[in-house]
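Chain order of the listed sequences is A and B. Taking our numbering, the leading residue of the first sequence gets 1, the next gets one more, and so forth. Taking our numbering, the leading residue of the second sequence gets 156, the next gets one more, and so forth. Even for Gly, the Cβ is constructed at its ideal location relative to N, Cα and C.
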Amino acid sequence: MRTKLTVNTRDVSVEAPPTETLLTTLRDRLQLTGTKEACVEGECGACTVLLDGRPVDSCIYATAAAAGLSVTTVEGLCGPDGSLSPLQQSFVDHFAIQCGFCTPGLLMTLSALLEANPDPDREEIENAIAGNLCRCTGYTQIVEAVEAINQESLS
Amino acid sequence: MTGEVGRSSIRSDGAAKTTGKAIFGTDVILPGMLHARLLRSTVPAGRIISLDLSKVVEFPGVHGVLTAADTPNQRSGLVLMDAPLFASEFVRFEGEPIAAVVADTRAIANQALALASLEIEEIPSVGSVEEAIAPNAPLVHPDWESFATPPGLEWPRSGNIVAETSSDPEGVDEAFAGATTVVEDQFETGRQYQAYMEPRMAVAEFDGQRFTIHVAHQFPYNVRDRVAAAIGVNPSEIRVVGHHIGGGFGAKLDTGLEPYAALLARRFGRPVRLANDRSEDLLTCQCRDNAVIKIRTAIGKNGELLARDVDVLMDSGASATDIPFLTSIPMHVFGSLYRIGPVRIRTRAVYTNTAPTGAFRGVNGTHLYFALERHMDHIANRLNIDRLEYRRSNLQADGCKLPTGQVLNDAGILSEAFDAVEQLAPWNGLGQGPNRGVGIAACMWLTNPMPGSATLKLNSDGTLGVLTAATENGSGAIATGVRQIAAEEFGLPAEKVIVTMPDTDAAAFDAGSQGSRTTHIVGRAIREAAIEVRAQILDTAADMLEAAPEDLELANETVSVSGSPSKQVSLAEVAATAQANSGPISGTGSYTTPMPPINPTCASGLLFPAFPTPTYHVHVAEVEIDPATGIVRVLRYLVAQEVGKAINPQAVRGQIQGGVAQGLGYALWETLQIDAGRYSQRTLEAYGLPLATDTPEVEIALLEHPDPAGPYGAKGVAEPPIIPVAAAIGNAVEHAIGKSVNTIPITAEHVLEALSNS
Numbered sequence: 001m002r003t004k005l006t007v008n009t010r011d012v013s014v015e016a017p018p019t020e021t022l023l024t025t026l027r028d029r030l031q032l033t034g035t036k037e038a039c040v041e042g043e044c045g046a047c048t049v050l051l052d053g054r055p056v057d058s059c060i061y062a063t064a065a066a067a068g069l070s071v072t073t074v075e076g077l078c079g080p081d082g083s084l085s086p087l088q089q090s091f092v093d094h095f096a097i098q099c100g101f102c103t104p105g106l107l108m109t110l111s112a113l114l115e116a117n118p119d120p121d122r123e124e125i126e127n128a129i130a131g132n133l134c135r136c137t138g139y140t141q142i143v144e145a146v147e148a149i150n151q152e153s154l155s
Numbered sequence: 156m157t158g159e160v161g162r163s164s165i166r167s168d169g170a171a172k173t174t175g176k177a178i179f180g181t182d183v184i185l186p187g188m189l190h191a192r193l194l195r196s197t198v199p200a201g202r203i204i205s206l207d208l209s210k211v212v213e214f215p216g217v218h219g220v221l222t223a224a225d226t227p228n229q230r231s232g233l234v235l236m237d238a239p240l241f242a243s244e245f246v247r248f249e250g251e252p253i254a255a256v257v258a259d260t261r262a263i264a265n266q267a268l269a270l271a272s273l274e275i276e277e278i279p280s281v282g283s284v285e286e287a288i289a290p291n292a293p294l295v296h297p298d299w300e301s302f303a304t305p306p307g308l309e310w311p312r313s314g315n316i317v318a319e320t321s322s323d324p325e326g327v328d329e330a331f332a333g334a335t336t337v338v339e340d341q342f343e344t345g346r347q348y349q350a351y352m353e354p355r356m357a358v359a360e361f362d363g364q365r366f367t368i369h370v371a372h373q374f375p376y377n378v379r380d381r382v383a384a385a386i387g388v389n390p391s392e393i394r395v396v397g398h399h400i401g402g403g404f405g406a407k408l409d410t411g412l413e414p415y416a417a418l419l420a421r422r423f424g425r426p427v428r429l430a431n432d433r434s435e436d437l438l439t440c441q442c443r444d445n446a447v448i449k450i451r452t453a454i455g456k457n458g459e460l461l462a463r464d465v466d467v468l469m470d471s472g473a474s475a476t477d478i479p480f481l482t483s484i485p486m487h488v489f490g491s492l493y494r495i496g497p498v499r500i501r502t503r504a505v506y507t508n509t510a511p512t513g514a515f516r517g518v519n520g521t522h523l524y525f526a527l528e529r530h531m532d533h534i535a536n537r538l539n540i541d542r543l544e545y546r547r548s549n550l551q552a553d554g555c556k557l558p559t560g561q562v563l564n565d566a567g568i569l570s571e572a573f574d575a576v577e578q579l580a581p582w583n584g585l586g587q588g589p590n591r592g593v594g595i596a597a598c599m600w601l602t603n604p605m606p607g608s609a610t611l612k613l614n615s616d617g618t619l620g621v622l623t624a625a626t627e628n629g630s631g632a633i634a635t636g637v638r639q640i641a642a643e644e645f646g647l648p649a650e651k652v653i654v655t656m657p658d659t660d661a662a663a664f665d666a667g668s669q670g671s672r673t674t675h676i677v678g679r680a681i682r683e684a685a686i687e688v689r690a691q692i693l694d695t696a697a698d699m700l701e702a703a704p705e706d707l708e709l710a711n712e713t714v715s716v717s718g719s720p721s722k723q724v725s726l727a728e729v730a731a732t733a734q735a736n737s738g739p740i741s742g743t744g745s746y747t748t749p750m751p752p753i754n755p756t757c758a759s760g761l762l763f764p765a766f767p768t769p770t771y772h773v774h775v776a777e778v779e780i781d782p783a784t785g786i787v788r789v790l791r792y793l794v795a796q797e798v799g800k801a802i803n804p805q806a807v808r809g810q811i812q813g814g815v816a817q818g819l820g821y822a823l824w825e826t827l828q829i830d831a832g833r834y835s836q837r838t839l840e841a842y843g844l845p846l847a848t849d850t851p852e853v854e855i856a857l858l859e860h861p862d863p864a865g866p867y868g869a870k871g872v873a874e875p876p877i878i879p880v881a882a883a884i885g886n887a888v889e890h891a892i893g894k895s896v897n898t899i900p901i902t903a904e905h906v907l908e909a910l911s912n913s
């Protein structure tokens, strides 16, 4: 079946079986490989994308159900000139990245958090990313990267 | 000097990893690429009665299948040649590959595989280490005697015992006979899944003569050699190209899917991608071995440790992997940290009908120190001495000797590590109040000595290229540490150093990201290479500046004449001039740590004889127990860690924070129960990884006693943070509830059970 949706502000139309997941469409058809496949059970959050601004696990979300909606992936976070968003830059500056496989999903979850709550406290950040598994960092430097955005914008 | 060493320079891969542009192994797409899946055993032990793949082959979009019948199916392995590529007559663990199918897409391969007709008759299995050594136990490998070992490498093995290391020094029985007190414990520890976020994968292509294998792997040269042995070609016929690695933690050191992808690519004439889904990845991963450890210590009238007797049973699963090396580790652990008389140690690794186990960050140090440090608490409690005070009064000092005969010249650092955690938070102030407890645990650990190399080239634009087959597994060893060391050598900012991704056709051998070795070994190789490169730079600059090389200074991307700073040339000008006149500037260095001397007759089966470049660490955990639910909450976690020199303090901090988180998972939550050879947990959700809401911020004190052999003094950093965690947590839980929990993970159920046993 044909599904029309917006991906990173571009209109796309894909011909895919009704059972195809948004993750498969993004990675295999659109070759947007920034979104990662790690569990395909909606547990780890590595495949998180924004659907009309709301974070969803693209591995358990049917592409057909995204018809007419706007999808943002990690490739859509940079500015038009390719510059890193404040969140992306803060991840780099504060060692929130190790292997980097969970990073795209975390960035999407946290982008949605910051949109809804520009000044989250530590507990709010930890709760927001409780659905994103990171095996490398132990999370502290990720939380600090988010906190630092506000500290730096206030200073 | 630019001061790159000791500065928290940002990662070279930071931008790529935050924009989705970093290509991980799983992202590799080649023109014409086909997709493969493996048919796997559904039972832990059985005889294959029939296998009919005709419907699989006929399925539209399928290119073909491979089984044991049409492959060079000789057994191979890291040290013991005991693992076939495909099971043929018998299957020995759930998940063991039986056949491969290759198709246009992964979906087609999956649909086709569902049409396979496979009949397996279950046979009696060996499901636990106790079953493996029971009299009349079925043999996991009835033909175990026929398995080859590498030339010159032999060790005691027999039946289900795949490796045994034993040491029986004089005086143990006499010491027990004269002891005032004997304390005895038994500990049981669980299997731990590395649970890297990127499931294992491989993409292989064959050009008619040579293979290229695309991997996200910690040890590309091992992939080359292991695939060559498994499929019967020369190592030089294989090129391994490394891409970004979505975590490994030891599970991506041995081969996994690469030999299958290589065979399929050759057979079907197209590039082939083979990747695990999460469940099969969990089911077949070389997890940390589960173990049963019995330990008994003889204590004198003044509390001195007279002698010890230890028996370790490790679960190797259905093949040996690297386990025959790991049966040596108890020899380095059970006589460490505290002064003690003779230590008798018998360590047996046994075959079971479960997935083969293997390396996981800190290998078996996690459960060996769990046993040693939980046991020390029990001794102190028996003697009615404060647990910290008892440790401190028995601490080893500089010049102490391990049971192997290895002398630790710097063991006095242990005492400083105990001081450092006390500075972070006084022992007597922790674990106070109802349902609260505090635990302390120490460890001594090695920096892996295996060889590595680096080639440096000074580019004509003044940047420095570093060619190495070492891998960036996420730790930052390549993305920060090695890059900063190279920058420091030539007065460059780190941004002007470009380290290649690994390619076995291009760079010389490197032993992979294991045992905290990359910064230490590759950093040292860079310093060796830099001697040669520096000489070429100064010789060229001397001609340009009409000065003697010994009068020149190299700093801030510039070579200048001492005392005449106006006489200077940029590194870029030097590189361009050399390239035009005498040839490009480049040099190569290699390094491997010499093994410290030991007493070679101290034990039999000691394949891993010493702990080079030792480091010393103390962890303290404060916990609170919810007596209604049994849930353990970690309130504070303190680490004092010896690092030699922190090349990048924030990256070191990340290793400690992340290692402790993995250790907390091991201690408290992560569960792979084995029931008659089968895992009860098959998904990440069931397995129970630590979440952001579970993990406290670790309070850290770094100790820096530079290693004269290490680059700028750096020692290994990445493994020690996971090692004493389970011990510190176990000790804290026992302190909080007044009951001993001698199994890990210490789940809420275990805590409730202990609380109800009054």
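{"Check": "Residue interval of the alpha helix (DSSP H) (run including serine 70/A)", "Outcome": "Unbroken run through serine 70/A is the beta strand (DSSP E), 70 to 72; no alpha helix (DSSP H)."}
{"Check": "Other residues of its chain near alanine 662/B: CB distance less than 6 Å, five sequence neighbours each side excluded", "Outcome": "Leu622, Thr623, Ala624"}
{"Check": "Members of the segment 804 to 827 of chain B near chain A, C-beta cut-off 8 Å", "Outcome": "Gln805, Ala806, Arg808, Gly809, Gln812, Gly813, Gly814, Val815, Ala816, Gln817"}
{"Check": "Any C-beta of chain A under 7 Å from that of arginine 433/B", "Outcome": "yes"}
{"Check": "Inter-stretch contact (C-beta, 8 Å, three-pair minimum) for the segment 111 to 122 of chain A and the segment 167 to 180 of chain B", "Outcome": "no"}
{"Check": "Between the CA atoms of alanine 224/B and glutamate 274/B - distance to the nearest angstrom", "Outcome": "17 Å"}
{"Check": "Burial state of serine 155/A (16 or more Cβ within 10 Å)", "Outcome": "Any reading at serine 155/A must be qualified, since the residue scores a pLDDT of 48, below 50, and its modelled position is unreliable; the value itself is stated next. Looking at its Cβ environment, which holds fewer than 16 other Cβ atoms inside 10 Å, serine 155/A is exposed."}
{"Check": "Methionine 750/B classed as buried or exposed, judged by whether at least 16 other C-beta atoms fall within 10 angstroms", "Outcome": "exposed"}
{"Check": "Beta-ladder partner(s) of arginine 499/B, from DSSP", "Outcome": "Asp464/B"}
{"Check": "Close-in-space but distant-in-sequence residues of the same chain around leucine 77/A (CB under 7 Å, 5 per side omitted)", "Outcome": "Ser85, Gln88, Leu107, Ser111"}
{"Check": "Per-residue contacts from tyrosine 351/B into chain A (C-beta, under 8 Å)", "Outcome": "Cys99, Phe101, Arg135"}
{"Check": "Cross-chain neighbours of valine 143/A in chain B, by beta carbon under 9 Å", "Outcome": "Ala847, Glu852"}
{"Check": "Other residues of its chain near threonine 222/B: CB distance less than 6 Å, five sequence neighbours each side excluded", "Outcome": "Phe241, Ala254"}
{"Check": "For histidine 905/B, the first and last residue of its enclosing alpha helix (DSSP H)", "Outcome": "903 to 911"}
{"Check": "Beta-bridge pairing of lysine 556/B - partner residues as DSSP gives them", "Outcome": "Val562/B"}
{"Check": "Segment limits, beta strand (DSSP E) that includes glutamine 946/B", "Outcome": "Residue 946/B lies beyond the range of chain B shown here (156 to 913); nothing can be said about it."}
{"Check": "Residue burial classification, proline 80/A (beta-carbon count within 10 angstroms, cutoff 16)", "Outcome": "exposed"}
{"Check": "Closer than 7 Å to chain A by CB, threonine 174/B", "Outcome": "yes"}
{"Check": "Three-state secondary structure (DSSP) of alanine 434/B", "Outcome": "The question names alanine, but residue 434/B is serine in the sequence shown. Reduced to three states, the DSSP call for serine 434/B is helix."}
{"Check": "Range covered by the beta strand (DSSP E) that runs through glycine 744/B", "Outcome": "740 to 746"}
{"Check": "Beta-carbon proximity check, isoleucine 500/B vs glutamate 797/B, cutoff 7 Å", "Outcome": "no"}
{"Check": "Which of helix, strand or coil DSSP assigns to cysteine 598/B", "Outcome": "strand"}
{"Check": "Entirely enclosed alpha helix (DSSP H) segments - the segment 35 to 101 of chain A, minimum 4 residues", "Outcome": "86 to 93"}
{"Check": "When Pro845/B, Phe179/B, Leu419/B are compared against phenylalanine 361/B, the one with the closest alpha-carbon", "Outcome": "Leu419/B"}
{"Check": "Entirely enclosed beta strand (DSSP E) segments - the segment 741 to 817 of chain B, minimum 3 residues", "Outcome": "770 to 780, 787 to 797"}
{"Check": "Any C-beta of chain D under 7 Å from that of proline 55/A", "Outcome": "This model lacks chain D altogether, as its protein chains are A and B."}
{"Check": "Below-7 Å beta-carbon distance, serine 155/A vs any chain B residue", "Outcome": "Only weak support exists for where serine 155/A lies, its pLDDT of 48 falling under 50; the coordinates are left without a value."}
{"Check": "Contact list for glycine 34/A against chain B, beta-carbon separation under 9 Å", "Outcome": "Thr174, Gly175, Lys176, Ala177, Asp182"}
{"Check": "With 16 other Cβ atoms within 10 Å as the buried cut-off, status of asparagine 539/B", "Outcome": "exposed"}
{"Check": "Minimum Cβ-Cβ distance from glutamate 874/B to chain A less than 7 Å", "Outcome": "no"}
{"Check": "Delimiting residues of the beta strand (DSSP E) encompassing lysine 449/B", "Outcome": "446 to 454"}
{"Check": "Start and end residues, alpha helix (DSSP H) containing valine 12/A", "Outcome": "Looking at the DSSP string, valine 12/A is not in any alpha helix (DSSP H); the run it does join, the beta strand (DSSP E), is 10 to 15."}
{"Check": "Where the beta strand (DSSP E) through methionine 356/B begins and ends", "Outcome": "356 to 361"}
{"Check": "N- and C-terminal bounds of the beta strand (DSSP E) containing arginine 202/B", "Outcome": "201 to 207"}
{"Check": "Residue-level contact to chain B via CB, isoleucine 149/A, 7 Å cutoff", "Outcome": "no"}
{"Check": "Leucine 543/B, DSSP secondary structure in three states", "Outcome": "helix"}
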